[in-house]
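No gaps in the numbering here: position 135 of the sequence shown is 135 in this note's numbering, and each next residue is one more. By construction, the Cβ of each residue, glycine as well, lies at the ideal position given by its N, Cα and C atoms. In this text, all values refer to a predicted model and were calculated from it rather than measured experimentally. Following: one structure in structure tokens, then a few remarks.
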Amino acid sequence: MAGMTVLLELAARLPRPTAFVLGGGGSWGALQLGMLQALAVTDLTPDLVVGTSVGSLNGAVLADNPALAVERLEDLWPSVSKADVFPGGWVRGVRTLTETRAWIYDNQPLTDLLTSRLPANSFEDMAVPFVAVATDFTNGSLAELDSGELRSALLASSAIPGIFPWVERDGRRLVDGMLVANVPITVALRRGARSLVVLDCGLSGVKPRAAGTLVEVMIQSAAIYARRQMAADLVACAGVPVVWLTPSSLHETTQLDFSATASLIEAGRRDASATLAALNAVTALPPGVYGAPAELNSDERLDSLIL
1 MAGMTVLLEL AARLPRPTAF VLGGGGSWGA LQLGMLQALA VTDLTPDLVV
51 GTSVGSLNGA VLADNPALAV ERLEDLWPSV SKADVFPGGW VRGVRTLTET
101 RAWIYDNQPL TDLLTSRLPA NSFEDMAVPF VAVATDFTNG SLAELDSGEL
151 RSALLASSAI PGIFPWVERD GRRLVDGMLV ANVPITVALR RGARSLVVLD
201 CGLSGVKPRA AGTLVEVMIQ SAAIYARRQM AADLVACAGV PVVWLTPSSL
251 HETTQLDFSA TASLIEAGRR DASATLAALN AVTALPPGVY GAPAELNSDE
301 RLDSLIL
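Now the structure itself:
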């Protein structure tokens with residue numbers, strides 16, 4: 001019938017359990033909504049969800065109810081403003097830093113947003129097993145949060161050091177997981193995943209220009225570190241098929257800019273749809289990485305993995 005969406009049948013080509021892995025990227029997390037829109041017209045479903053930073057926020061919605069995740073995120077993302085995440089602007093931020101000496105922004109508005117929008121109160125309430133990745137700021141180790149109260153885990157996973165306060169949980173001082181696993185594929189593998197669907201916000205992309213402001217310096221530093229981290233992690237998952245959904249071009253906005261949400265959602269959907277349609281045209285998906293960021297192809301260790 002004209003106008004009907006054709007379901008892309010990909011699930012039989014990926015061994016189960018399949019993990020959906022959602023990386024960090026601040027406001028670029030809107031891309032993941034577009035990617036989930038594209039995935040909604042396939043038969044791919046998660047047996048496990050693992051997320052870092054904004055990927056943990058989107059991932060929590062996905063793991064709570066995969067069938068309703070797109071609808072819930074379509075209601076959430078267009079309503080999120082910079083003030084919801086970074087309250088009061090730089091003037092208030094400087095005042096907060098003077099008072100705390102350790103962070104710029106209070107996380108209470110983000111706490112309120114999560115409280116009002118989170119579909120579940122605890123990890124145990126979720127339909128699909130879920131892991132939020134954070135960093136133990138005392139010793140630098142990776143923290144896998146998978147039980148107990150959900151809100152504090154998500155705040156910990158997205159607590160950018162120096163920007164937001166750390167979160168005290170289970171006797172540990174926790175901050176953003178991007179420091180140790182911005183795209184936490186190795187966490188999913190340790191949890192038994194035999195195939196991965198990665199929703200990557202593109203943090204590893206570095207524009208060929210000099211950083212001239214503090215924000216640009218922070219973004220450039222994060223991108224360089226994320227690229228090396230990702231390259232090492234991809235080597236670790238050489239034995240499984242990985243569907244890698246990622247932006248086709250570098251971003252014009254920063255991770256702190258929430259003014260481009262609509263265009264990011266559309267870009268995520270468009271690029272992911274193209275990748276998934278290409279996979280639908282092949283008969284088998286042996287171990288390897290499908291759709292990985294182009295900038296990683298220059299790494300000699302990855303040449304044989306990226307297909």
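Buried or exposed: where does S27 fall if 16 or more other Cβ atoms within 10 Å of its Cβ makes it buried?
Residue numbering aside, residue 27 sits at position 27 when the sequence shown is read from its first letter. Buried, since its Cβ has 16 or more Cβ neighbours within 10 Å.
Name the residue from A274, F258 and L179 whose alpha carbon lies nearest to the alpha carbon of T137.
Against the sequence shown, residue 137 aligns to sequence position 137. Note that residue 137 corresponds to Phe in the displayed sequence, not to Thr. Minimum Cα distance to F137 is reached at L179.
Okay, do the segment 181 to 197 and the segment 228 to 238 touch, 3+ Cβ pairs below 8 angstroms being the bar?
Verdict: yes, contact present.
When we look at the beta-carbon of S195 and count the other beta-carbons within 10 Å, is it buried (16 or more) or exposed?
Locating residue 195 in the sequence shown gives position 195, where the first residue counts as 1. Counting every other CB atom within 10 Å of its CB across the protein chains shown gives S195 a total of 16 or more, marking it as buried.
For T261, count neighbouring Cβ atoms within 10 angstroms of its own Cβ and tell me buried if that reaches 16, exposed if not.
Residue mapping note: residue 261 aligns to position 261 of the sequence shown, counting from 1. By the Cβ-count criterion, T261 is buried, with 16 or more other Cβ atoms from all chains shown falling within 10 Å of its own Cβ.
Which residues share a DSSP beta bridge with S122?
Numbered from 1 along the sequence shown, position 122 holds the residue referred to as residue 122. Its beta-bridge partners are E149.
Beta-carbon proximity check, P17 vs T45, cutoff 7 angstroms
If you number the sequence shown from 1, residue 17 lands on position 17. If you number the sequence shown from 1, residue 45 lands on position 45. It is not a contact, given that the beta carbons lie outside the stated cut-off.
Please list, in chain order, all residues of the same chain as N121 whose beta carbon is under 8 angstroms from its beta carbon, the five residues on each side excluded.
Walking along the sequence shown from the start, residue 121 turns up at place 121. Here the set comprises E149, L150 and R151.
Distance cutoff 7 angstroms, beta carbons only. Does D146 sit that close to anything in chain D?
Annotation note: the requested chain D is absent from the structure, which comprises a single protein chain.
If you drop the 5 nearest sequence neighbours on each side, which residues of the same chain put their C-beta closer than 6 angstroms to that of D257?
On the sequence shown, position 257 is the one that residue 257 refers to. For D257, where only same-chain residues beyond five positions count, the Cβ hits under 6 angstroms are S27.
Should F123 and S147 be called a contact, given that it needs their Cβ atoms to be closer than 7 angstroms?
Residue mapping note: residue 123 aligns to position 123 of the sequence shown, counting from 1. Residue mapping note: residue 147 aligns to position 147 of the sequence shown, counting from 1. The beta carbons of F123 and S147 sit closer together than 7 angstroms.
What is the DSSP secondary structure of S195, counted as helix, strand or coil?
Translated into the one-based positions of the sequence shown, residue 195 becomes position 195. Strand.
So, P287 versus V240, is the Cβ gap smaller than 7 angstroms?
Counting from one through the sequence shown, the residue named residue 287 turns up at place 287. Counting from one through the sequence shown, the residue named residue 240 turns up at place 240. A contact, by the Cβ cut-off of 7 angstroms.
Identify every run of the beta strand (DSSP E) within the segment 261 to 287, keeping only runs that are complete inside it and at least 3 residues long; order them along the chain.
Listed in chain order, nothing qualifies, since the segment 261 to 287 has no complete beta strand (DSSP E) run of 3 or more residues.
The ligand GDP heavy atoms versus the CB of V85: any closer than 6 angstroms?
Ligands are entirely absent from the displayed structure, and the ligand GDP is therefore not among its contents.
Please report the distance separating the alpha-carbon of R72 from that of Q32.
Numbered from its first residue, the sequence shown carries residue 72 at position 72. Numbered from its first residue, the sequence shown carries residue 32 at position 32. Roughly 13 angstroms separates the two Cα atoms.
Count the other CB atoms, across all protein chains shown, that sit within 10 Å of the CB of A2; report buried if there are 16 or more and exposed otherwise.
Indexing the sequence shown from 1 puts residue 2 at position 2. Unreliable placement is indicated for A2, whose pLDDT of 43 sits below 50; no coordinate value is reported for it.
Looking at the secondary structure, which residues open and close the beta strand (DSSP E) in which E71 lies?
Counted from its first residue, the sequence shown places residue 71 at position 71. Looking at the DSSP string, E71 is not in any beta strand (DSSP E); the run it does join, the alpha helix (DSSP H), is A69 to L76.
Whose CA, out of I224, S249 and A143, lies closest to the CA of S56?
The residue labelled residue 56 in the question sits at position 56 within the sequence shown. Closest in C-alpha terms to S56, from the list I224, S249 and A143, comes A143.
Under a three-way DSSP split, which group does V217 fall into?
In the sequence shown, counting from the first residue as 1, residue 217 sits at position 217. Collapsing the DSSP output to three states places V217 in a helix.
Return the CA-CA distance between R117 and N58, expressed in angstroms with no decimal places.
Working through the sequence shown from its first residue, we reach residue 117 at position 117. Working through the sequence shown from its first residue, we reach residue 58 at position 58. The alpha-carbon atoms of R117 and N58 are separated by roughly 11 angstroms.
Using the three-state DSSP reduction, which class does G51 fall into: helix, strand or coil?
Locating residue 51 in the sequence shown gives position 51, where the first residue counts as 1. In this structure, G51 counts as strand in the three-state DSSP scheme.
Considering just the uninterrupted stretch of the beta strand (DSSP E) at T135, what are its terminal residues?
Your numbering for residue 135 matches position 135 in the sequence shown. Here the beta strand (DSSP E) through T135 covers F130 to D136.
Hey, how far is the Cα of M126 from the Cα of R172?
In the sequence shown, counting from the first residue as 1, residue 126 sits at position 126. In the sequence shown, counting from the first residue as 1, residue 172 sits at position 172. In a straight line, the C-alpha of M126 is about 24 angstroms away from that of R172.
DSSP-derived helix/strand/coil call for T45
By one-based count along the sequence shown, residue 45 stands at place 45. Of the three classes helix, strand and coil, the one that applies to T45 here is coil, per DSSP.
Might you give, ordered along the chain, the residues of its own chain that have their beta carbon closer than 6 angstroms to the beta carbon of L39, omitting 5 neighbours on each side?
By one-based count along the sequence shown, residue 39 stands at place 39. So the list is empty, once near-sequence residues are dropped.
For P119, I'd like the list of residues in its chain whose CB is within less than 6 angstroms of its CB, leaving aside the five on either flank, ordered along the chain.
Mapped onto the sequence shown, residue 119 falls at position 119. If we look at P119 and ignore the five residues flanking it on each side, its Cβ neighbours are D64.
By DSSP, does L113 sit in helix, in strand, or in coil?
Locating residue 113 in the sequence shown gives position 113, where the first residue counts as 1. Per DSSP, reduced to three states, the secondary structure at L113 is helical.
Spatial neighbours of P161 within its chain, please: C-beta separation below 6 angstroms, excluding the five flanking residues on both sides.
By 1-based counting over the sequence shown, the position of residue 161 is 161. The beta carbon of P161 is closer than 6 angstroms to those of V175 in its chain, skipping five residues each way along the sequence.
Helix or strand or just coil, what does DSSP make of V240?
Here residue 240 refers to the residue found at position 240 of the sequence shown. Coil.
Please name the residue, chosen from A272, S259, A267 and A19, that lies closest to K82 on a Cα-to-Cα basis.
Residue mapping note: residue 82 aligns to position 82 of the sequence shown, counting from 1. If we check each option's Cα against that of K82, S259 comes out closest.
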